[in-house]
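Please read the structure below before turning to the comments.
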Amino acid sequence: MTYSSTRFLVFFTIFLVSLQCGCGALFKRKLVYVQMTNRVPGQVNLTIHCKSGDEDLGSHVLAPEGHWGFQFRPNFWKTTLYFCSFQWPGNFHYFDIYKKAKSRPGCHDCFWNVGPDGPCLFDYDTKGYGYCEPWNPPVPSLTGKPVL
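All letters in the sequence shown, in the order written, are residues -24 to -1, 1 to 124 by mature numbering (1 follows the signal peptide of the UniProt record, and there is no 0).
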């Protein structure tokens, strides 16, 4: 291999690594914050368990009106996905709480109210939680119980 080919290969490899690890400031994605608030009626606790493809954020129990959040940097390819299960007495649901490809407008600080019909995202234009979505369809499992 010639000197110029070797040099190109080294620089190209460094470029690819910087994209993957977020080391290069030029390619660093903006930090995203996601917060969920328990708005389930009846003064019941809400158990939340969130994951991405490579990170398990664990289970968190929210008292009525309690909240929990996390932050991360979306990947370069805009395919970042965080999904959560939501459980309270007699109910178990899933929802993609952050899905970059879905392009929820302006969601860098994503504040969700979680209620029985699904999560509602805070809209900075209207100053309200008007962007509501239904729960994901149920996920079948071999045991008959939801898995997360």
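Built from N, CA and C at the ideal position, the CB exists for glycine as well.
Identify whether K75 lies in helix, strand or coil by the three-state DSSP scheme. strand
Within the same chain, show all residues whose beta-carbon is closer than 8 Å to that of Y9, passing over the 5 residues directly before and after it, in chain order. G45, F46, Q47, H84, D85 and C86
Thinking Y107 and D101 are a contact (beta carbons under 8 Å), I'd like their distance in whole angstroms, please. Contact flag wrong, Cβ pair sits at about 10 Å.
Cutting at 7 Å between CB atoms, please list the residues of its own chain near F62, excluding the five before and the five after it. L22, I24, H69, F71 and V90
Do P110 and G94 have their beta-carbon atoms positioned less than 8 Å apart in this structure? yes
Considering only their Cβ atoms, is the gap separating W64 from V20 smaller than 8 Å? yes
Taking 8 Å as the cut-off, decide whether the C-beta atoms of Y58 and S35 are in contact. no
Just curious, the beta strand (DSSP E) that Y107 is in, first and last residue? G104 to C108
For G(-3), which of helix, strand or coil comes out of DSSP? Only weak support exists for where G(-3) lies, its pLDDT of 46 falling under 50; the coordinates are left without a value.
Residue closest to K76, alpha-carbon to alpha-carbon, out of C60, V37, R49 and C96: R49
Where does V115 sit, in a helix, a strand or coil, going by DSSP? coil
Collapsed DSSP secondary structure at Y9 in the structure displayed: strand
Please report how far the alpha carbon of Y33 lies from the alpha carbon of G18, in whole angstroms. First, the amino acid is wrong: residue 33 is Leu here, not Tyr. Rounded to the nearest angstrom, the two C-alpha atoms are 27 Å apart.
Whole angstroms is fine: what's the gap from N112's alpha carbon to E31's? 20 Å
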